[in-house]
Each structure stands twice: as C-alpha cells, then as structure tokens.
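Chemist:
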Amino acid sequence: AQSVTQLGSHVSVSEGALVLLRCNYSSSVPPYLFWYVQYPNQGLQLLLKYTTGATLVKGINGFEAEFKKSETSFHLTKPSAHMSDAAEYFCAVSGRGNKLVFGAGTILRVKS
Amino acid sequence: KAGVTQTPRYLIKTRGQQVTLSCSPISGHRSVSWYQQTPGQGLQFLFEYFSETQRNKGNFPGRFSGRQFSNSRSEMNVSTLELGDSALYLCASSWVRGPKNTEAFFGQGTRLTVV
Numbered sequence: 001a002q003s004v005t006q007l008g009s010h011v012s013v014s015e016g017a018l019v020l021l022r023c024n025y026s027s028s029v030p031p032y033l034f035w036y037v038q039y040p041n042q043g044l045q046l047l048l049k050y051t052t053g054a055t056l057v058k059g060i061n062g063f064e065a066e067f068k069k070s071e072t073s074f075h076l077t078k079p080s081a082h083m084s085d086a087a088e089y090f091c092a093v094s095g096r097g098n099k100l101v102f103g104a105g106t107i108l109r110v111k112s
Numbered sequence: 113k114a115g116v117t118q119t120p121r122y123l124i125k126t127r128g129q130q131v132t133l134s135c136s137p138i139s140g141h142r143s144v145s146w147y148q149q150t151p152g153q154g155l156q157f158l159f160e161y162f163s164e165t166q167r168n169k170g171n172f173p174g175r176f177s178g179r180q181f182s183n184s185r186s187e188m189n190v191s192t193l194e195l196g197d198s199a200l201y202l203c204a205s206s207w208v209r210g211p212k213n214t215e216a217f218f219g220q221g222t223r224l225t226v227v
C-alpha cells in the first residue's frame, strides 16, 4: 500500500525566495513519485517525476526534487519564487500501476 | 497532439438524479483513470480502465460506475446523486499500464454540483 504526507497545507514565500514543499511517502514497493501543480479550476499538470536512476530530478518552470530513500522523502524546491508559481501542489506516489495516491496538497502563496 | 478532453466542464444536478461524465484520452493512450477531488477528502482514485476492462477500483459505493469503449474513450456514471458527490471529477490517461507507465496526463475536469 502507498500513502503520501505533505507537510504544511499552506506555504507563503516572498517573490524571489526559495520555495520548499515537503513530501514524505510510504510504499511497500519501489515507488514512482510525482509532483503535480493545479491552478484554480484546472486539471493537474505534471511538474516532475522520479521513476528510477538519478535521484535529483529536474522539472518544468525551474522546479526540482530529490528522492531520498533513507528519509522516504521527495521534497520539491525552486531557488527563486515567481508570482506565477502561486497554485496548489500535489505530491503523488504510484506502485508501478496506474493508480496514483495523492497527498492532501500544499497551497503556495507568493508575496510581492 | 490534443490533450485529455473531459465533457462537460460544468454540470448542475439535483439530488436523486444520475449523471454521466465523458473522457477522451490522448490519441494512442489505452488507460483511463478517474479521480474525485473534494475540499474535504482531496484527490481520491475512483477506477481505472484498460482495454475496455476495469483493472482497479477505489473505495467508492456501487453508485459510481464506469466503462471504456473500443476507442479508449471512457464514461463514468453516478446514480442517485447525493450532495456529497459534488466535486471536481478528473480523468487521466496513460499510454500503457504497469511498470512501463511513468506518466499520467490529466484533463481539466468536470465540476459537478449537486443541489
């Protein structure tokens, strides 16, 4: 079985500051891990994914995440926040199938 | 390449009615999954279809059902609607299932409001 915990339902950063969104997972099999972003009244857009191989993965819009097996974490970072990054972010895990298990989401607010 | 298309985008129904939502996956994709998104429960997996067969099902009552056609398009149906069924219903398509599947593409969703 898989589960995801996102620490912090709301995160607020200033424009230009570091963005750090936390995600911890539980999986009984080697996981595939994903970060999705959702803008209001929209679907989910994939930011980045970890399947196998390099543990530091780079995604779109300057985001990256590092898979740390020992810590069961997959935190999302971006060096410098833009106003356009304001959205809700979801971490998800799949166990080699097509079913995604999502975290509760983190709403990112970017202050000018 | 067209993305995942969900219709309709918005729907208002009355308690007790039934509703059918449609999802057209990306061309060539054979797997379609459905998710329910609510403020209280978040994103929850409903079911997955592949090659016209339901392959996986989430923990939802039997009022929620679905099907997939030979062209991979999928529909989900909710019967005897309850107020708690108000949600954003998201469809995701993948080209394959199992270990080789590494990405799901989501549609914009259907916003269902039950009054």
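Quick mapping for you: the protein sequence lines, in order, are chains H and X.
Okay, so the first sequence: first residue is 1 according to the working numbering, each after it adds one.
Okay, so the second sequence: first residue is 113 according to the working numbering, each after it adds one.
Cβ coordinates follow ideal geometry from the N, Cα and C atoms, glycine included.
Here the structure is a predicted model, which is why all the values come from computation and not from measurement.
#1: With a Cβ-Cβ cutoff of 9 Å, do Lys-117 of chain H and Thr-214 of chain X count as a contact?
#2: With 7 Å as the limit, tell me which residues of the stretch 165–186 of chain X have their beta carbon closer than that to any beta carbon of chain H; keep them in chain order.
#3: Hey, would you say Leu-46 of chain H sits closer than 9 Å to Tyr-147 of chain X, going by beta carbons?
#4: Tell me which residues share the same chain as Ser-134 of chain X and place their Cβ nearer than 6 Å to its Cβ, disregarding the 5 neighbours each side in the sequence.
#5: So what does DSSP say about Ser-84 of chain H, is it helix, strand or coil?
#6: Does the CB of Leu-56 of chain H have a neighbour CB from chain B at under 9 Å?
#7: Can you confirm whether the stretch 114–129 of chain X touches the stretch 73–93 of chain H when touching is taken to mean that 3 or more C-beta pairs between the two stretches lie within less than 8 Å?
#8: Quick check on this structure: which residue in H:Phe-90, H:Leu-18, H:Gly-8, H:Cys-91 has the alpha carbon closest to the alpha carbon of Met-83 of chain H?
#9: Since Gln-2 of chain H meets chain X, which of its residues come closer than 7 Å, beta carbon to beta carbon?
#10: Please report the distance separating the alpha-carbon of Gly-219 of chain X from that of Gln-156 of chain X.
#11: Taking only three categories from DSSP, how would you classify Leu-193 of chain X?
#12: Counting only C-beta atoms, is Val-116 of chain X closer than 9 Å to chain H at any point?
Modeler: If we stick to the structure as given:
#1: Residue coverage of chain H in this structure runs from 1 to 112, which leaves residue 117 of chain H outside it and unanswerable.
#2: Asn-168
#3: no
#4: Thr-119, Glu-187
#5: helix
#6: Any reference to chain B falls outside this structure, whose protein chains are H and X.
#7: no
#8: H:Leu-18
#9: None at all; the shortest Cβ gap to chain X is about 11 Å.
#10: 15 Å
#11: coil
#12: yes
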